[in-house]
Amino acid sequence: MIILTIDDVPGKKVTKVVGLVKGSTIRAKHIGKDIGAGLKNLLGGELKSYDEMLREAREIAIQRMVEDAKSQGANAIVGFRLTSAAVMQGAAEMLAYGTAVVVED
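For the sequence shown, the numbering used here assigns the number 57 to the initial residue and increments by one for each residue that follows.
Here it is as structure tokens:
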């Protein structure tokens, strides 16, 4: 699956626009991570546990978007974007979205 942030695939022709595809996941903070992050916030430094949680959330959201595109017959996604939003205290959604297309050489 080709995934690009631009609106076309260089060297290929878009033969069909499938439409919007998306994938998301909602992750909640773990109390142990909160305590560790609180200490890091006081002392300074990278919040590695949150970094790992967000990296995993991005990967899951992207994979779900790809599955959505494949299920609709697409072989590429253009205009790819990632966004996140708080859905409640201590929980956030990671959303991956783009336009699924079929491309040929």
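From the three backbone atoms N, C-alpha and C, an ideal C-beta is built for every residue, glycine too.
So for Leu-76, helix, strand or coil by DSSP? strand
Below 8 Å, can you find three or more Cβ-Cβ pairs linking the stretch 67-74 to the stretch 112-119? no
Could you name the residues that DSSP lists as bridge partners for Ala-117? The partner list for Ala-117 (beta bridge, DSSP) is empty, contrary to what the question assumes.
Any idea what DSSP makes of Met-150, helix, strand or coil? strand
Using CA atoms only, rank isn't needed, just tell me which of Lys-85, Ser-127, Glu-102, Arg-120 is closest to Val-157. Ser-127
Three-state secondary structure (DSSP) at Leu-60? coil
Contact under 9 Å by Cβ, Ile-62 with Gly-135: yes
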